[in-house]
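Step one of this worksheet: look at the structure below.
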Amino acid sequence: MNAINTKVTPTKRKQVALFSSDPNFKRDVATRLDALAIYDVRVSETSDFLKGPPADTRPGIVILDLGNGELLGRPGIVEARALWASVPLIAVSDELSSEQTRVLVRMNASDWLHKPLDGKELLNAVTFHDTGNQGTKSRIITFIGASGGAGATTLALS
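In my numbering, the protein residues as written are 428 to 585.
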């Protein structure tokens, strides 16, 4: 006779490490991801990214708030990324200079989102990089610098 197993096992929440020095950004991202009930967001200061992954847990995704890109000029940023090598990195920033963009490419970021952050873009990026073998792939194909009048920017094509 087959009995129905009524035991409910909780879904294991996926770990997301969020590094930011902006309290509003931290609150916004953590609120959006926690609302999905499948992500457990661990919030840390931006400078903690340079220390490497915590010993007690290994997140499945890293979201790094670069602010206006000042972190990209700090020594050891590319080496710090190497400590997280197998973890997809979603970088979020304001406009970046050409040199800052090159550093971001050297960091092998899996995705780049522009501030102000669109909630739908954030969820798309997190779910894309949370899907098994897609996680180590980068959606950034190339950067194209646009020059000219007002609103000139750098585009990340994916």
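Heads up, the beta-carbon is just placed ideally off N, CA and C, and yes, glycines get one too.
On a predicted model such as this, the values are computed, not experimentally measured, just so you know.
Is the distance from the Cβ of residue i to the Cβ of residue j below 8 Å?
i	j	result
F446	E472	yes
V470	D461	no
P480	L510	yes
S520	L493	yes
In whole angstroms, give me the CA-to-CA distance for residue i and residue j.
i	j	result
A507	I431	49 Å
Q442	S513	14 Å
R501	V456	24 Å
S525	D545	23 Å
S474	P450	14 Å
D483	P543	32 Å
K590	L491	Outside the displayed range of the chain (428 to 585) lies residue 590, so it cannot be described from this structure.
S448	R529	23 Å
D557	N535	17 Å
Looking only at its chain, what residues have a beta carbon closer than 6 Å to the beta carbon of residue i, apart from the 5 residues adjacent to it on each side?
i	result
A444	R469, P486, V489
N560	At N560 the pLDDT is 47, less than 50, meaning the model places this residue with poor confidence; the figure from the coordinates comes in the next sentence. Taken in chain order, the list of residues that qualify is empty.
R533	V505
R454	none
Sorted by chain position, which residues of the same chain lie with C-beta nearer than 7 Å to residue i's C-beta, five sequence neighbours on each side aside?
i	result
L463	none
L531	L499, A518, L523, W539
A552	I517, D538, L540
For residue i, which residues of its own chain have a beta-carbon under 8 Å away from its beta-carbon, when the five flanking residues on both sides are left out?
i	result
G503	L477
R459	G546, L549, L550
T563	Legend: pLDDT at T563 = 48, less than 50; position of this residue unreliable, value from coordinates given subsequently. So the list reads S513, P515, S537, once near-sequence residues are dropped.
With DSSP as the reference, identify every bridge partner of residue i, one or two as the case may be.
i	result
D538	I517
R469	A444
G487	None; G487 has no bridge partner.
D492	V519
Return yes when at least one heavy atom of the ligand SAH lies under 7 Å from the C-beta of residue i, else no.
i	result
E506	This structure lacks the ligand SAH; in fact it carries no ligand of any kind.
Give the single residue among the options whose Cα lies nearest to the Cα of residue i.
i	options	result
Y466	L549, K547, K439	K439
S537	T554, S474, D483, N495	T554
Q527	G496, K542, D475	G496
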